[in-house]
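Q: Before anything else, here's the structure in question.
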Amino acid sequence: GASALQQLVLSTPAIYGIGTDDQVARIHTDTLVWTGSRLPAGDVIANGPGTGSGQLVVDARQIVLGYPDHSQPDTVRDHDRVALGFAGVQLNASERVTATHKGSLAVYQSQGAWDPVANAYVRNGGDLTINTPLLTGGAGSISHITAGGDIRVSGSGNVTLDNAALRDALGAELALDSRGGSVRVDG
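Below, the structure written as structure tokens:
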């Protein structure tokens with residue numbers, strides 16, 4: 011059915027899962043805007059949020075990794091997003107998944123120890139599936155999408171583009187990186 015919530019804006023650097031293999035956390039809205047943050051995500055506590063193995067499923071018409079319309083975005087700094095503690099994340103958008111501005115999305119199932127050489131935590135696992143007829147970026151945007159497991163992008167349905175609005179737009183950079191699996195783009 012249709013969501014009663016027209017737009018959900020998450021201005022957090024992380025969504026942490028704690029569920030077991032058979033559990034699903036679901037977000038259902040018309041438009042999900044995940045702004046991310048220039049600040050790092052909070053610490054993961056042993057056996058707490060971020061240590062799960064369930065699924066995160068987002069069902070929306072549009073999924074925006076960036077800022078909502080009529081807001082004042084930070085166009086200088088990266089805004090990062092991480093989904094941690096999920097064996098799989100599924101982004102289902104009937105119209106589009108789009109990135110705006112500068113930032114990243116990372117999906118991992120687990121987080122290990124701090125690696126002083128890489129200056130980051132060791133993270134593993136976590137598959138990302140994106141089901142949408144259009145995966146795109148806003149004018150001048152730079153977005154890096156990473157998963158510890160497989161990334162699968164599947165095109166389904168039709169979308170009507172406003173070519174007049176796109177004619178004067180700048181290009182966008184969109185990178186897909188699977189750290190421990192493969193990247194597959196269908197449709």
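Take the position in the sequence shown, starting the count at 1, then add 10; the result is the number in the working numbering.
Glycine is no exception: its CB is placed at the ideal position from the N, C-alpha and C atoms.
Helix, strand or coil for Tyr-77? Go by DSSP, reduced to three states.
A: Correct three-state label for Tyr-77: coil.
Q: For Asp-84, tell me which candidate among Ala-93, Val-74 and Lys-112 has the shortest Cα-Cα distance.
A: Ranking the options by Cα distance to Asp-84, first place goes to Lys-112.
Q: Which runs of the alpha helix (DSSP H) spanning at least 4 residues fall entirely within the region 136–191, listed in chain order?
A: If we require 4 residues or more, the alpha helix (DSSP H) runs fully inside the region 136–191 come out as 173–176.
Q: For the beta strand (DSSP E) that contains Asp-125, what are its first and last residues?
A: Where Asp-125 is concerned, the enclosing beta strand (DSSP E) stretches over 120–125.
Q: Whole angstroms are fine: how far does the CA of Asp-90 sit from the CA of Pro-78?
A: In a straight line, the C-alpha of Pro-78 is about 16 Å away from that of Asp-90.
Q: Go through its chain and collect everything with a Cβ distance to Gly-48's Cβ below 8 Å, but skip five positions before and after it.
A: Looking at the sequence itself, residue 48 is Arg, so the reference to Gly does not match. If we look at Arg-48 and ignore the five residues flanking it on each side, its Cβ neighbours are Asp-84, Arg-87, Asp-88, His-89 and Asp-90.
Q: Which one of Ala-123, Val-74, Tyr-131 and Ser-151 has the shortest CA to CA distance from Ile-140?
A: Of the candidates Ala-123, Val-74, Tyr-131 and Ser-151, the one whose C-alpha sits nearest the C-alpha of Ile-140 is Val-74.
Q: Give the straight-line distance between the Cα atoms of Ser-166 and Pro-126, rounded to the nearest whole angstrom.
A: Using only the alpha carbons, I get a separation of about 42 Å.
Q: Pick helix, strand or coil for Gly-113, following the three-state DSSP scheme.
A: Note: Gly-113 maps to strand in three-state DSSP.
Q: Rounded C-beta distance between Ser-21 and Thr-45? I'm assuming under 8 Å.
A: Confirmed, about 4 Å.
Q: Cβ of Ala-97 within 8 Å of Cβ of Gln-121?
A: No, they are not a contact pair.
Q: Please state if the CB of Pro-23 and the CB of Pro-50 are separated by a distance shorter than 8 Å.
A: Yes, the pair counts as a contact, with Cβ atoms nearer than the cut-off.
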